[in-house]
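Trainee: Take 1 as the starting number for the sequence shown in the UniProt record's numbering and just add one per residue. Glycine is no exception: its CB is placed at the ideal position from the N, C-alpha and C atoms. All values reported here derive from a predicted model rather than from experimental measurement.
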Amino acid sequence: MSFFRSTIFRNRRGNNNNSGPPDEDRDSQHENKGHLAMRGGSKELGTPAPGEHPEDIEQNINAVQSFLATRLAMKCYSCASNITESFSVRDWIRRWSEGAKGNPAKGCYLCAATCSSCRTLTCLGCSNKVRNSKNPHEIEGYYMDWCCRDGRLFGIWLLLARYDRIEIRWQASSSVTENKQPPARNSHGPSQRKTQDARGIGYADDSMRRYSPFTAFFQDASGLPPVYSNRPLQFHGSDEKEDEFVAKVFDFVSRMIPGPMSKNIPPELHAMLQLGLLLDKVADLLRNDSLDDVTKRSHVYKAAFGLVSKLSSHPELIDLVKCARYHKQQTPGLEILSSSKSQQHDSPSLILGEKIASVGERLKQLARQSKIVLESAESQDLNTRSGEDLLLCCESILSLYSVISADQEDTGMRTRASPQEKWEAFHQEHGVSRDEGVFDRTHAYYSKAISMTYSSPGRIKRMVTEVANMSTSLPIGIFVKVSESRPDVMKCLIMGPPDSPYGYALFDFDLICPPAYPNQPPQVHCRTAVGKTINPNLHPDGKVCLSLLGTWRDGDAAAQWQPGKSTILSVLISIQAMIFTEDPWRNEPAYTSAVGTMADIRARRYVEKIQPQIVTAGMLNWLTQPRHRYGIWQKEIRAHFKYNKANILAKVDKWANENPVLRFRGIVQELKLAIEDINRR
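#1: According to the neighbour-count rule (16 or more other Cβ atoms, all chains shown, within 10 Å of its Cβ), is residue 34 buried or exposed?
#2: With 16 other CB atoms within 10 Å as the buried threshold, where does residue 494 fall?
#3: With a 10 Å radius around its C-beta and 16 neighbouring C-beta atoms as the bar for buried, classify residue 404 as buried or exposed.
#4: Which same chain residues end up closer than 6 Å to residue 37 when comparing Cβ atoms and leaving out the 5 residues on each side of it in sequence?
#5: Could I get the ranges of all uninterrupted alpha helix (DSSP H) runs contained in the segment 573 to 652, with 4 residues as the minimum, in chain order?
#6: Consult DSSP for residue 263 and reduce its assignment to one of helix, strand or coil.
#7: Which one of 306, 579, 509, 505 has the shortest CA to CA distance from residue 637?
#8: Hey, how far is the Cα of residue 137 from the Cα of residue 145?
#9: Grouping DSSP H, G and I as helix and E and B as strand, with all else coil, what is residue 518?
#10: Near residue 608, which residues of its chain fall below 7 Å by C-beta distance, leaving aside the five closest residues on each side in sequence?
#11: I need the straight-line Cα distance from residue 587 to residue 579, nearest angstrom please.
#12: Please identify the residue among 496, 677, 360 whose C-alpha is closest to the C-alpha of residue 309.
#13: Is DSSP giving residue 558 helix, strand or coil here?
#14: Cutting at 6 Å between CB atoms, please list the residues of its own chain near residue 434, excluding the five before and the five after it.
#15: Measuring CB to CB, does residue 306 end up less than 8 Å from residue 251?
#16: By how many angstroms is the C-alpha of residue 364 removed from the C-alpha of residue 384?
#17: Shortest alpha-carbon distance to residue 355 belongs to which of 324, 268, 70?
#18: Could you tell me whether the Cβ atoms of residue 318 and residue 366 are closer together than 8 Å?
#19: What span of residues does the beta strand (DSSP E) with residue 122 cover, start to end?
#20: Three or more C-beta pairs under 8 Å: does that hold for the segment 107 to 126 against the segment 69 to 78?
#21: By a C-beta neighbour count over all protein chains shown, 10 Å radius and 16 as the cutoff for buried, is residue 508 buried or exposed?
#22: So, is residue 248 buried or exposed, given that buried needs 16 or more other C-beta atoms within 10 angstroms?
#23: Taking residue 267 and residue 153 to be in contact with their CB atoms under 8 Å, please state how far apart those CB atoms are, rounded to whole angstroms.
#24: Could you give the DSSP three-state label for residue 352: helix, strand or coil?
#25: What does the alpha-carbon distance come out to for the pair residue 526 and residue 620?
#26: Determine, using beta-carbon pairs with one atom in the segment 635 to 651 and one in the segment 529 to 539, whether at least three such pairs fall under 8 Å.
#27: Out of curiosity, what's the CA-to-CA distance linking residue 500 and residue 581?
#28: Buried or exposed: which applies to residue 600, given that a residue is buried once 16 or more other Cβ atoms fall within 10 Å of its Cβ?
#29: Report yes or no: do the segment 508 to 520 and the segment 447 to 462 share at least 3 C-beta pairs separated by less than 8 Å?
#30: Skipping 5 residues on each side, what residues in its chain have a beta carbon closer than 8 Å to that of residue 548?
#31: Just list the beta strand (DSSP E) runs in the segment 436 to 510, keeping only unbroken ones of 3 residues or longer that don't cross its boundaries, in chain order.
#32: Going by the beta-carbon positions, is the gap between residue 446 and residue 523 smaller than 8 Å?
#33: Are the beta-carbon atoms of residue 439 and residue 486 separated by less than 8 Å?
#34: Quick one, are the C-beta atoms of residue 358 and residue 321 less than 8 Å apart?
#35: Relative to the alpha-carbon of residue 491, which residue among 497, 93, 479, 498 has its alpha-carbon at the smallest distance?
#36: Using 8 Å as the threshold, is the C-beta distance between residue 417 and residue 406 below it?
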């Protein structure tokens, strides 16, 4: 796993294992040819009409069309014969790969065409004879080189265009069939039903199951014709064949991207990367919120991080990973977008949606998780090989994100944001934190924790990764604090759902994972409920009754704890959604099925009865009792009553109008004064 660290820092320094002339020197050899300015191209079927897309996208399309037209107009430098007749990306890549496989001295130029008349090699970048390749780049047995700046650019275009064709084929030829039952087997012969892999992706027939995108990249796509679909683009999940293919494409493109010392990056390079699907694939991989999965699929993530690192190391290219992207709902791929003549009459147009999160924003989620994991690096469970791999992966993610996120925060957004947006931003930053104050004598499970002498193998690592995942997936209104020295000991603060009788009230829970976790569920104690009657599932002794915790045995088996699926996050979500419900009276097993007018009256009276305790214990006490106001949750309390102030006041006023008990006790007025007080300080 040292590859994560080495890839990032090697790219940042601009070094390469294949020593040779620097990229900048190589490009400068043919600067006399200059560079093409953007100009429009004709629009036919398969290419958007003028004005159909945002101006920058139209400029990108014009740029790549002009660039390709100029490359394909090149003649043999020796005899002036046509050298690009019947050009296709597939055939060009195939011819290059046949010469470049295992042969560093011959045929490694992606940018060169052989004249059929005089057999000389001409560079399509500069129209000159290609120079001798002394130190070509090698990637897993394939040797690659370029002659000049535009030759390099043409090579990048070829790789991106071919990737798009294979990715579109992969998507169009694979259909999700999880909910479809295959037809019964024919008694007269083998069934012709669709096959389905472990991910639930069904293939049209067995030939697609054997289809290798990597082989198709260099060869003839197994003889299959081009396939397009009018369905929205949707990248698939983990697939070993596709991961291998995508990793190699990432590596090839990364090697060809200019280094940080290159100046005046051609605008066509931006255009190619923005119009193509490769960066969209990177962003899709970075949506993964499982660090365990990232570590297991290290080969493809190493390559993805390498490409992002190469782009982010260049001041003229970093915007490709920092800036928001247009959502490509449909695309015919870069090859067809680059052609002024439609190559496929049935190919779809480029259809764009609104701008979506940048590659850097996607990486932010993994960076937040990585930070949580690294803070637990001293855990003995992480001293194993898999634990060390996880830590190295996290270090790499944080290192890469620190480059991308530099100077990105100072946008003035926080001052312009609404209270709700500020609350969401606060939750995003503080939803999960580590605090040694969690593990003290007041914790409900303190004695149990200090007497624990055994921990099952992998228990701590499981909890560390769970907490890391929660840092990017906790619902708004749930906060988790983890002990710095004991990651199995936690405190949780849960806000009641706004539309429930518990709306905006705060409830404090203590949690511990037993020695056999995750084979046994965690234990949870509600501190706020002690000595009170606020919910049938929260007892006055603090007991939390929930099927998932094994403390309420009624209900079907699927609701019980399942070691391979259930998590601490699922427990917290269940508490917020299933205990703090709109109709808590019917949480009582005896009244679950109660219907009719009398049942509705009893349900309403139950709410009226518990509301004063909810307002007192879930709101007022947090503001007026020092042990709450200045305790471990003081930061969260202040933010909650600041950003949710208007909603809280509107909610309690509504309750007071509907509930005379709450109105006559003066609790609401006392609460309003306490909220004003904390917002003045």
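Mentor: Quick answer:
#1: Interpretation of residue 34 is limited by its pLDDT of 35, a score under 50 that renders its predicted location unreliable; the figure taken from the coordinates is listed afterwards. So residue 34 ends up on the exposed side.
#2: buried
#3: buried
#4: For residue 37, the predicted structure reports a pLDDT of 32, less than 50, and the residue's modelled location is therefore unreliable. A value from the coordinates is still provided. Nothing meets the Cβ criterion.
#5: 597 to 615, 621 to 624, 626 to 629, 634 to 643
#6: coil
#7: 505
#8: 6 Å
#9: coil
#10: 659, 661
#11: 7 Å
#12: 360
#13: helix
#14: 375, 482, 484
#15: yes
#16: 26 Å
#17: 324
#18: no
#19: 121 to 123
#20: yes
#21: buried
#22: buried
#23: Actually they are not in contact, since the Cβ atoms of residue 267 and residue 153 sit about 10 Å apart, beyond 8 Å.
#24: strand
#25: 17 Å
#26: no
#27: 6 Å
#28: exposed
#29: yes
#30: 521, 559, 560, 561, 566, 570, 571, 574
#31: 478 to 482, 489 to 495
#32: no
#33: yes
#34: yes
#35: 479
#36: no
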